[in-house]
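Student:
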Amino acid sequence: MDKRKVILLQILLLALVLLGWEFSVRLGWVDAFFFSKPSDIAARVYEWFRTGEVYRHLWITLTETVLAFLSGTIAGIALGLWLALSPTASAVLDPFLKALNSVPRVILAPIFTLWFGLGIASKVALGFSLVFFIAFFNTYQGIREVSPVILANARMLGAAKGQLLRHVYLPSATSWILSSLRSSVGFAVIGAVVGEYLGASAGLGYVISQAEGVFDTTSVFAGIVVLAAFVVILDIGVSLIEKRLLVWRPTPDQEGGTV
Amino acid sequence: MEMNDQAADAAIELSGISQRFGEYTAVQNVNLKVAPGEFVAVVGPTGCGKSTLLNVIAGLRQPAAGSVKVFGEPLRGLNRRAGYLFQQDALLPWKTALENAALGLTFNGAQQKDSRSLARAWLAKVGLSGFENRYPHELSGGMRKRVALAQVLIMDPKILLMDEPFSALDIQTRQLMENELLRLWQEDQKSVLFVTHDLEEAIALADRVIVMSAGPASRPIGDFAIELTRPRDVTEIRLTEDFLKVHREVWALLREEVMRAHGQA
Ligand SMILES: Nc1ncnc2c1ncn2[C@@H]1O[C@H](COP(=O)(O)OP(=O)(O)O)[C@@H](O)[C@H]1O
Ligand SMILES: [Mg+2]
Numbered sequence: 001m002d003k004r005k006v007i008l009l010q011i012l013l014l015a016l017v018l019l020g021w022e023f024s025v026r027l028g029w030v031d032a033f034f035f036s037k038p039s040d041i042a043a044r045v046y047e048w049f050r051t052g053e054v055y056r057h058l059w060i061t062l063t064e065t066v067l068a069f070l071s072g073t074i075a076g077i078a079l080g081l082w083l084a085l086s087p088t089a090s091a092v093l094d095p096f097l098k099a100l101n102s103v104p105r106v107i108l109a110p111i112f113t114l115w116f117g118l119g120i121a122s123k124v125a126l127g128f129s130l131v132f133f134i135a136f137f138n139t140y141q142g143i144r145e146v147s148p149v150i151l152a153n154a155r156m157l158g159a160a161k162g163q164l165l166r167h168v169y170l171p172s173a174t175s176w177i178l179s180s181l182r183s184s185v186g187f188a189v190i191g192a193v194v195g196e197y198l199g200a201s202a203g204l205g206y207v208i209s210q211a212e213g214v215f216d217t218t219s220v221f222a223g224i225v226v227l228a229a230f231v232v233i234l235d236i237g238v239s240l241i242e243k244r245l246l247v248w249r250p251t252p253d254q255e256g257g258t259v
Numbered sequence: 260m261e262m263n264d265q266a267a268d269a270a271i272e273l274s275g276i277s278q279r280f281g282e283y284t285a286v287q288n289v290n291l292k293v294a295p296g297e298f299v300a301v302v303g304p305t306g307c308g309k310s311t312l313l314n315v316i317a318g319l320r321q322p323a324a325g326s327v328k329v330f331g332e333p334l335r336g337l338n339r340r341a342g343y344l345f346q347q348d349a350l351l352p353w354k355t356a357l358e359n360a361a362l363g364l365t366f367n368g369a370q371q372k373d374s375r376s377l378a379r380a381w382l383a384k385v386g387l388s389g390f391e392n393r394y395p396h397e398l399s400g401g402m403r404k405r406v407a408l409a410q411v412l413i414m415d416p417k418i419l420l421m422d423e424p425f426s427a428l429d430i431q432t433r434q435l436m437e438n439e440l441l442r443l444w445q446e447d448q449k450s451v452l453f454v455t456h457d458l459e460e461a462i463a464l465a466d467r468v469i470v471m472s473a474g475p476a477s478r479p480i481g482d483f484a485i486e487l488t489r490p491r492d493v494t495e496i497r498l499t500e501d502f503l504k505v506h507r508e509v510w511a512l513l514r515e516e517v518m519r520a521h522g523q524a
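Protein chains in written order, with this note's numbering: chain A, 1 to 259; chain B, 260 to 524.
#1: Examine chain A for any beta-carbon lying closer than 7 Å to the beta-carbon of Y394 (chain B), and answer yes or no.
#2: Is there at least one non-hydrogen atom of ligand 1 closer than 6 Å to the beta-carbon of A349 (chain B)?
#3: Quick one: list the residues of chain B neighbouring R155 (chain A), beta-carbon separation under 7 Å, in chain order.
#4: Starting from E272 (chain B), follow the beta strand (DSSP E) in both directions and report where the run begins and ends.
#5: For Q163 (chain A), decide whether its Cβ has a neighbour in chain B, counting only Cβ atoms nearer than 7 Å.
#6: Cα separation between T63 (chain A) and A202 (chain A)?
#7: What did DSSP end up calling P333 (chain B) once you bin it into helix, strand or coil?
#8: Check whether the Cβ of A311 (chain B) sits closer than 6 Å to any heavy atom of ligand 1, and report yes or no.
#9: Considering T61 (chain A), what are the terminal residues of the alpha helix (DSSP H) in which it resides?
#10: Would you please verify whether the beta carbon of V207 (chain A) is less than 7 Å from any beta carbon of chain B?
#11: Can you find the residues in the same chain that come closer than 7 Å, C-beta to C-beta, to L126 (chain A), ignoring five residues on each side of it along the sequence?
#12: Rounded to a whole number of angstroms, what is the C-alpha to C-alpha distance between Y206 (chain A) and G117 (chain A)?
#13: Go through its chain and collect everything with a Cβ distance to D40 (chain A)'s Cβ below 7 Å, but skip five positions before and after it.
#14: What are the residues that DSSP puts in a beta bridge with V315 (chain B)?
#15: What separation, rounded to the nearest whole angstrom, lies between the Cα atoms of D492 (chain B) and N438 (chain B)?
#16: May I ask whether a heavy atom of ligand 2 can be found less than 6 Å away from the beta carbon of Q321 (chain B)?
#17: Quick one: list the residues of chain B neighbouring A159 (chain A), beta-carbon separation under 7 Å, in chain order.
#18: Below 6 Å, is the gap between the Cβ of Q346 (chain B) and the nearest heavy atom of ligand 2?
#19: Between the C-alpha atoms of R244 (chain A) and W353 (chain B), what's the straight-line distance to the nearest angstrom?
#20: Strictly below 8 Å CB to CB, what residues from chain E border G363 (chain B)?
#21: Measure the CB-CB distance between V406 (chain B) and A369 (chain B) and report whether it falls below 7 Å.
#22: Taking 7 Å as the limit between beta carbons, can you name the residues of its chain near D268 (chain B), skipping five residues before and five after?
#23: List, in chain order, every chain B residue whose beta-carbon is nearer than 7 Å to that of V149 (chain A).
#24: Where does L344 (chain B) fall in DSSP's three states?
#25: Starting from the beta carbon of W353 (chain B), find every residue of chain A whose beta carbon is closer than 7 Å, and list them in chain order.
#26: Does DSSP put D373 (chain B) in a helix, in a strand, or in coil?
#27: According to DSSP, simplified to helix, strand and coil, what is Y394 (chain B)?
#28: Counting only Cβ pairs nearer than 7 Å, list the residues of chain A close to A317 (chain B).
#29: Which whole-angstrom value is the C-beta distance of F215 (chain A) and V131 (chain A), which I expect to be below 8 Å?
#30: Say yes only if the C-beta of T305 (chain B) is nearer than 6 Å to one or more non-hydrogen atoms of ligand 1, and no if none qualify.
#31: Sorted by chain position, which residues of the same chain lie with C-beta nearer than 6 Å to L79 (chain A)'s C-beta, five sequence neighbours on each side aside?
#32: State yes or no: is the C-beta of G285 (chain B) nearer than 6 Å to some heavy atom of ligand 1?
#33: Taking Cβ-Cβ distances shorter than 8 Å, what residues in chain B pair up with V168 (chain A)?
#34: Quick one: what's got a C-beta closer than 8 Å to F33 (chain A)'s C-beta in the same chain, skipping five residues either side?
#35: Taking just the CA atoms, how far does A473 (chain B) sit from R519 (chain B)?
#36: Hey, would you say the C-beta of F280 (chain B) is under 6 Å away from at least one heavy atom of ligand 4?
Structure below.
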């Protein structure tokens, strides 16, 4: 499939939807009060960036996302390592972790607000509760799947415990951990935005919830557009890291190599 | 007088080794000696317990009974005198050929500069100059085996354990590697225990061929000295009259075991 053709078709599709939306509002087929229209939304986004008022909210949301992502990932990986390498701890903690993970996190949001206040901390906690389990389960699985032969070989070559961790267990689990990073970023954003949406004084979630409060659909959509762009940029960042860390992995079409 | 002459001790000495997996007895009462500098091949039907024996000698598995002595000393924990070339691919896929070859030195805390230059030299010895920066998936099966060989030999082990190292290779690559192995072994006579299910390979390489019986409760049932001249070329030696004579002799015994193993399967 020609890549340029795909991109061209994608642009065409987007233009078609936006034009359809724009003109159905302009021609009075749907109500601008409920649906706003693309030109207004674009103007609103432009306005936010021109006056600079959106930067503060973006910054807050970004901070919450990054903190939730980092703390959740690090804690998840650490617990994943520990449980994967210690069968007793894993057997004891397994049911508790499963139970905790089954709790819908949105329900926890008000409690976190109660505990940590209206500021950044409660949003980070919500994001953490989502990211942590993804990082944990993937690390655990990744470590468990380390090939016993590779492990035996490294031990025969003289690897000490710490060296096994660094040269064998962690690299082996990276593809699992990295694949979890993509979804982790998404969940960190969800934690931040949902937290802001439910009670905050700044952030993209707050902006959207304020706009909804006064039925300002243009601002609601503008907020969604900015949020979507924000997530796409983060996702690109993560896939760049992923590419760098996984250079050793065969792509599907080069499996096997040359004889 | 007390015996403290190193040369008198066997490199490997197994006495009464048994190994069970649950109810299944894989090997029973195995006695085996490998002298310093000796090249011993072990043949036997698939599943008779050859890999199990190597794992016991490597210290990766505790035997259910019996003792392992390495240069006269009882083996405790991993066998630090032995290098082990596994039957399966055991390179780290996330390290290049060079990093893989240098792995043991890295674990020993060697300077990166030193370990790299030594690894480069070893890759050259196994014919892989120019492939230093390839990842395992970018190498052919034969090349990966060579990296694995360099990875083991760079540590200069006094004992070399090899588990069907060339069985997955095509016949040309295989004979090339066999000759290379003989050349490297002759450079500094290590004690080699070479496991294979290929009798021709065993005879072409070894000083002594040991035949294991079919499982369960497998044990050595034949011990043949191979008095073919050295240095050998594995391709040419197969065509000599002496080779064929030994081959007939050993095959007469091995064949029964192979049939027995088949009959059970
Ligand atoms: N980890 C294990 N658990 C259970 N059975 C095993 C295990 N390893 C080997 N066996 C059994 O022990 C026997 C010998 O295995 P192995 O040493 O791998 O044979 P070989 O290397 O001669 O082909 C086989 O019957 C095999 O099924
Ligand atoms: Mg085997």
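Ideal Cβ positions, reconstructed from N, Cα and C, are used throughout, including at glycine.
Quick caveat: nothing in here was measured; it's all calculated off a predicted structure.
Tutor: Reading off the structure:
#1: yes
#2: no
#3: L337
#4: I271 to F280
#5: yes
#6: 12 Å
#7: strand
#8: According to the sequence provided, residue 311 (chain B) is Thr. The question's Ala does not apply to it. For ligand 1, at least one heavy atom lies less than 6 Å from the Cβ of T311 (chain B).
#9: E53 to L85
#10: no
#11: R105, L108, A109, F112, G191, V194 and G195
#12: 15 Å
#13: T218
#14: BP columns for V315 (chain B) are empty, so no partner.
#15: 6 Å
#16: no
#17: F366
#18: yes
#19: 12 Å
#20: The structure shown has no chain E; the protein chains it does contain are A and B.
#21: no
#22: F330 and G331
#23: F345, Q347 and A349
#24: strand
#25: P171 and W248
#26: helix
#27: coil
#28: M156
#29: The pair is not a contact, with the Cβ atoms about 34 Å apart (cut-off 8 Å).
#30: yes
#31: F136
#32: According to the sequence as given, residue 285 (chain B) is Ala; it is not Gly. True, at least one ligand heavy atom lies under 6 Å from that Cβ.
#33: L351
#34: F215 and T217
#35: 7 Å
#36: With respect to small molecules bound, the structure shown includes ligand 1 and ligand 2 and not ligand 4.
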